[in-house]
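In the UniProt record's numbering, the protein residues as written are 1 to 272. One structure below.
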């Protein structure tokens, strides 16, 4: 990529829409500004999004009609940038006006269910909170839905939420140091321990995805191991990443598109 990103790795993320092979990256520069770059055969020019708290996590949503990037501002308040298709520029949305305060180290995750976006973050109290935003109207505003009261997360836990066949699954690291899955079933959240490998170190980065209509979860541990958890198959270690800040992103439908992204010699790299 060629862009310096020596310290602020929380905002490093990658997503891919279902159609096409373009991968969209969000990352943060030393001055705190969020930048978007896309890759398809070659890199796009950097797209300036806006300022955020240094070290913030981001959640990025993109479809044919809407693009939103959620992060923290300097006061640890959730904020959203929305891309104005007509003006072809990023504008600050109204999320920060609602004053939803997160723990400074919160991770963020966003998924869509029917015509509503669901955003997950960790509150100062330690609980995981859900916010929702209808996407059918440009006049709609974010609002708090409910806490995931059945979850007992570690502070600054990684969070990764996906929608499979109409059910939202939110993965996080529990106080027992294992990855748990919170699923919204029967009008309530159900919490289940996914277990772990023998002598496995603490999971610190989770990336859930849907592959061929089943859940797959990739995570990185404190010691740099990359582990795949496939529903109905189990766990398997698939590699080790030594670069500082490297983490697994799971996108697309092909194994070749599962990769670790991180920083080597102060520059973004992608390890396929």
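Here a beta-carbon is modelled for each residue, glycine too, at the ideal position from N, C-alpha and C.
Residue j beta carbon less than 8 Å from that of residue i
| i | j | result |
| --- | --- | --- |
| residue 217 | residue 204 | no |
| residue 174 | residue 152 | yes |
| residue 126 | residue 107 | no |
| residue 60 | residue 15 | yes |
| residue 215 | residue 231 | yes |
| residue 95 | residue 142 | yes |
| residue 144 | residue 122 | no |
Assigned exposure category for residue i - 16 Cβ within 10 Å defines buried
| i | result |
| --- | --- |
| residue 181 | buried |
| residue 124 | exposed |
| residue 68 | buried |
| residue 130 | buried |
| residue 261 | Below a pLDDT of 50, predicted positions are generally treated as unreliable, and residue 261, at 48, falls in that range; the measurement from the model is reported next regardless. Buried, because 16 or more other Cβ atoms sit within 10 Å of the Cβ of residue 261. |
| residue 117 | buried |
| residue 37 | buried |
| residue 56 | buried |
Separation of residue j from residue i, as counted between CA atoms
| i | j | result |
| --- | --- | --- |
| residue 34 | residue 99 | 20 Å |
| residue 13 | residue 26 | 5 Å |
| residue 248 | residue 22 | With a pLDDT of 47 at residue 248, under the threshold of 50, the predicted position of this residue should be treated as unreliable, though the coordinate-derived value follows. Distance between the alpha carbons of residue 248 and residue 22: 18 Å. |
| residue 221 | residue 162 | 21 Å |
| residue 70 | residue 139 | 17 Å |
| residue 72 | residue 112 | 20 Å |
| residue 45 | residue 195 | 42 Å |
| residue 209 | residue 74 | 30 Å |
| residue 77 | residue 136 | 25 Å |
| residue 238 | residue 229 | 10 Å |
| residue 186 | residue 168 | 12 Å |
| residue 224 | residue 178 | 16 Å |
Residue(s) in a DSSP beta bridge with residue i
| i | result |
| --- | --- |
| residue 49 | Looking at the DSSP assignment, residue 49 forms no beta bridge with any residue, so it has no partner. |
| residue 165 | In the DSSP output, where bridge partners are listed per residue, residue 165 has none listed. |
| residue 111 | 118 |
| residue 22 | Per DSSP, none; premise fails for residue 22. |
| residue 192 | 181 |
| residue 61 | 68 |
| residue 79 | 71 |
| residue 38 | 24 |
Residue i beta carbon near the ligand ADP (any heavy atom closer than 7 Å)
| i | result |
| --- | --- |
| residue 220 | The ligand ADP is not part of the structure shown, which contains no ligands of any sort. |
Query - contact_flag[the stretch 155-169, the stretch 80-93] where n(CB pairs < 8 Å) is 3 or more - result: Put simply, the stretch 155-169 does not touch the stretch 80-93. Fewer than three CB pairs are less than 8 Å apart.
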